[in-house]
Structures are given as structure tokens and as C-alpha cells.
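Scroll down for the structure; my scribbles are underneath it.
In the working numbering, the protein residues as written are 6 to 321.
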């Protein structure tokens, strides 16, 4: 497993070198969500996940050698030339376009965990101001295409701008879930399900001119924490995210209510960053305070690879 992660790192470095001179795209246009399995196992850099349009295929490498995940969005594995920007902004329930499945694994000295998960955006709304921006730029592109002195550079810039606006929906509601199993590395223990969870991720862009997102999560999980007995607990949290062309920074707070220990409560606070080093590669890092008093320092460093952008037509 670790050899596989090393090979993936080498591939990432090769891709980064090949794409270094191809220019930049907006980070929001290739944002790669965390695998739900990592979230369920409390190993994700962020537990307050930002709903976004997933890539056709994605790879996560957590803490470089500790774990990895593969994500697939079936809809975007194929071309959809009849799916336009207008279809996208009018599609309030993009279940088919955002349904994503993933498998994640964590390797420790004494045990290994594997988790399968899924996520889907069940509601996506664009504000009237955002739709007006998109339509205005579409008109500008049409004018540039029919102009006698058509300038390809200007068209490319407009296409980048409209793609960025497409990724900035005003409100998104995402449903996610995962199930995990653990096995001892000595091969004696049998593989058994030890944790399940269901949750909602919420993303709201308060003002269309400023790239700030407010993100929330409500999560119910059942699994073994301190004992071998499965017990339920409830998480709720909030984060504020600000993104530039290549950097997304967020601060998050998550509270956990543990039903097994007479209603004990814990909290997690973290600073999370996503930095885009090429069109398909993002470095993610997280540091902060974890839920519990033992080993309560969060320190996560990972790499995300996103392949195959969404393909849609500008015009009908």
C-alpha cells in the first residue's frame, strides 16, 4: 500500500512539472472534496466540508504515507455536449451530476481501516446577481466570437471568468455518508464494521462580489470510540472560508456530543489550507486542536489529484 502511495507522489510531481507552464485556473474550479471515508475516520484535514462540483476522478494521499483515497463521479466520466451553462445554473437538484463515490484507507502499525462513502448535492441555488453576471459574460463571449478582430486571448479570459462564476453558487446542500471497517495488521482479527455515519454539508456565499463562504455541517455517527461497544455521537460545526486564485483558507469549529459518556462534549478547532500548485494538483494542510485530550494536536499534510474537468457547452 505504501509503495502505491509513493508511486502516486512521483506521478504527481511529473504532472506538476508538465503543467507548470500552462497557466493557472481558479482554485474553486478544481476544488477536490475530501473523501467521506476520511471524514468518518476523523482523519480528514477538514471536518466541515465545503460542498462543490466533484471531478470525474480524484486521488487523495493523506499524510503522504498514512492513507489514501480514490473518488469517482460517474456522470463526468463521459462528455455531455448538450449540457450547457444555462442548464447548470437552472438545475436546482444536480443529483446526477454530483453523485460521487469513494474508497479510503488508513494504515497504522497495529491496524488498518478501509471506508467506503458517497456524497451528492441535493440542492444548488444561484442568486439573481450571479445569473446576471454569467449571462453578461456569455453575451460578451458571443460578441467576441463574431467580431472581425476576434482576440483569442480575451475569449480565453472570459471563459475562465464564466467558469469561476459557475463554481460560485450562492447556496448548496450536500448529503454524505460512509461506512468503515478495521482489521488488525497481524492478520488475526476479522474484518468488521466499526463505524457508520450520515451528515449534511451546507455552503452559503453571503455576497456575490466577495469570495467568502460560510460552511456548516450536521453529522450523526455510530461507532466505537473509547470502548468496543458501538455508541452514537453527534457533531455540528461551522467554518469560514476565503479563497484567492490559488489558495483557499478556512477556520473551522466542530462540537461533538458523545452520548456514551453521560452527554460529554468535546470540540475541535482547525486552520485548513488548500494550495493549488498546478491545474490538477492541490496541497492540503491542517493544524489545530483535536476533540480529545490525548494526542489532541491536529497535523495533516496531503495531496489531492483531480482529473477530467466537467465538460459543458457555453451555448445551446
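Built from N, CA and C at the ideal position, the CB exists for glycine as well.
Residue range of the unbroken alpha helix (DSSP H) whose run includes residue i
{"i": "residue 251", "result": "Premise fails: residue 251 is in no alpha helix (DSSP H) and is neither H nor E."}
{"i": "residue 160", "result": "157-171"}
{"i": "residue 298", "result": "Looking at the DSSP string, residue 298 is not in any alpha helix (DSSP H), and its letter there is neither H nor E."}
{"i": "residue 91", "result": "90-95"}
{"i": "residue 330", "result": "This structure cannot speak to residue 330, because the chain is shown only from 6 to 321."}
Backbone CA spacing between residue i and residue j [nearest angstrom]
{"i": "residue 303", "j": "residue 162", "result": "39 Å"}
{"i": "residue 24", "j": "residue 82", "result": "Since pLDDT at residue 24 reaches only 39, below the 50 mark, its modelled position is unreliable, and the value read off the structure follows with that caveat. Each residue's alpha carbon lies about 22 Å from the other."}
{"i": "residue 165", "j": "residue 177", "result": "22 Å"}
{"i": "residue 301", "j": "residue 47", "result": "12 Å"}
{"i": "residue 275", "j": "residue 309", "result": "19 Å"}
{"i": "residue 204", "j": "residue 296", "result": "18 Å"}
{"i": "residue 226", "j": "residue 87", "result": "40 Å"}
{"i": "residue 158", "j": "residue 168", "result": "16 Å"}
{"i": "residue 122", "j": "residue 40", "result": "7 Å"}
{"i": "residue 15", "j": "residue 256", "result": "Low per-residue confidence applies at residue 15: pLDDT is 45, beneath 50, and the placement is therefore not dependable enough to give any value."}
{"i": "residue 187", "j": "residue 120", "result": "9 Å"}
{"i": "residue 282", "j": "residue 218", "result": "22 Å"}
{"i": "residue 213", "j": "residue 98", "result": "21 Å"}
{"i": "residue 94", "j": "residue 271", "result": "39 Å"}
{"i": "residue 138", "j": "residue 170", "result": "8 Å"}
{"i": "residue 189", "j": "residue 221", "result": "35 Å"}
{"i": "residue 136", "j": "residue 211", "result": "15 Å"}
{"i": "residue 298", "j": "residue 263", "result": "14 Å"}
{"i": "residue 231", "j": "residue 130", "result": "Residue placement at residue 231 cannot be trusted, given a pLDDT of 45 that sits under 50; what the coordinates show is reported in the next sentence. Distance between the alpha carbons of residue 231 and residue 130 is about 41 Å."}
{"i": "residue 201", "j": "residue 63", "result": "23 Å"}
{"i": "residue 265", "j": "residue 175", "result": "38 Å"}
{"i": "residue 154", "j": "residue 142", "result": "18 Å"}
{"i": "residue 80", "j": "residue 280", "result": "26 Å"}
{"i": "residue 287", "j": "residue 84", "result": "24 Å"}
{"i": "residue 224", "j": "residue 73", "result": "23 Å"}
{"i": "residue 132", "j": "residue 173", "result": "10 Å"}
{"i": "residue 243", "j": "residue 156", "result": "44 Å"}
{"i": "residue 44", "j": "residue 140", "result": "37 Å"}
{"i": "residue 56", "j": "residue 179", "result": "6 Å"}
{"i": "residue 285", "j": "residue 254", "result": "18 Å"}
{"i": "residue 76", "j": "residue 102", "result": "14 Å"}
{"i": "residue 26", "j": "residue 58", "result": "With a pLDDT of 36 at residue 26, under the threshold of 50, the predicted position of this residue should be treated as unreliable, and no value is reported."}
{"i": "residue 247", "j": "residue 269", "result": "32 Å"}
{"i": "residue 115", "j": "residue 91", "result": "52 Å"}
{"i": "residue 96", "j": "residue 54", "result": "22 Å"}
Whole-Å CB distance - residue i paired with residue j, under 8 Å assumed
{"i": "residue 42", "j": "residue 181", "result": "Contact flag wrong, Cβ pair sits at about 10 Å."}
{"i": "residue 127", "j": "residue 104", "result": "About 10 Å; that fails the 8 Å criterion."}
{"i": "residue 273", "j": "residue 52", "result": "6 Å"}
{"i": "residue 50", "j": "residue 260", "result": "With 8 Å as the limit, residue 50 and residue 260 do not qualify as a contact, their Cβ atoms being about 18 Å apart."}
{"i": "residue 78", "j": "residue 61", "result": "5 Å"}
{"i": "residue 252", "j": "residue 278", "result": "7 Å"}
{"i": "residue 311", "j": "residue 100", "result": "That belief does not hold up - the Cβ atoms of residue 311 and residue 100 are roughly 21 Å apart, past 8 Å."}
{"i": "residue 185", "j": "residue 206", "result": "In fact, because the Cβ distance is near 19 Å, the residues do not count as touching under 8 Å."}
One or two residues paired with residue i in a DSSP bridge
{"i": "residue 71", "result": "Answer by DSSP bridge pairing: none, since residue 71 is not bridged."}
{"i": "residue 210", "result": "Paired residue(s): none; residue 210 is not in a bridge."}
{"i": "residue 76", "result": "63, 107"}
{"i": "residue 3", "result": "The requested residue 3 does not occur in the structure, where the chain is confined to residues 6 to 321."}
{"i": "residue 237", "result": "227"}
{"i": "residue 48", "result": "According to DSSP, which records beta bridges pairwise, residue 48 is partnered with nothing at all."}
{"i": "residue 113", "result": "DSSP lists no partner for residue 113."}
{"i": "residue 53", "result": "None; residue 53 has no bridge partner."}
{"i": "residue 263", "result": "238, 269"}
{"i": "residue 203", "result": "182, 225"}
{"i": "residue 82", "result": "The partner list for residue 82 (beta bridge, DSSP) is empty, contrary to what the question assumes."}
{"i": "residue 306", "result": "290"}
{"i": "residue 312", "result": "62"}
{"i": "residue 198", "result": "186"}
Element boundaries [beta strand (DSSP E), containing residue i]
{"i": "residue 137", "result": "Here residue 137 belongs to no beta strand (DSSP E); instead the alpha helix (DSSP H) covers 133-151."}
{"i": "residue 116", "result": "116-130"}
{"i": "residue 180", "result": "176-189"}
{"i": "residue 219", "result": "217-228"}
{"i": "residue 87", "result": "That residue, residue 87, is in no beta strand (DSSP E); it is neither H nor E in DSSP."}
{"i": "residue 37", "result": "Residue 37 -> no beta strand (DSSP E), and no H or E assigned at all."}
{"i": "residue 276", "result": "269-283"}
**the region 144-160 in contact with the region 65-79 per 3-pair CB rule at 8 Å** = no
**Prompt:** Does the region 98-114 come close enough to the region 134-148 that 3 or more CB-CB pairs lie under 8 Å?
**Reply:** no
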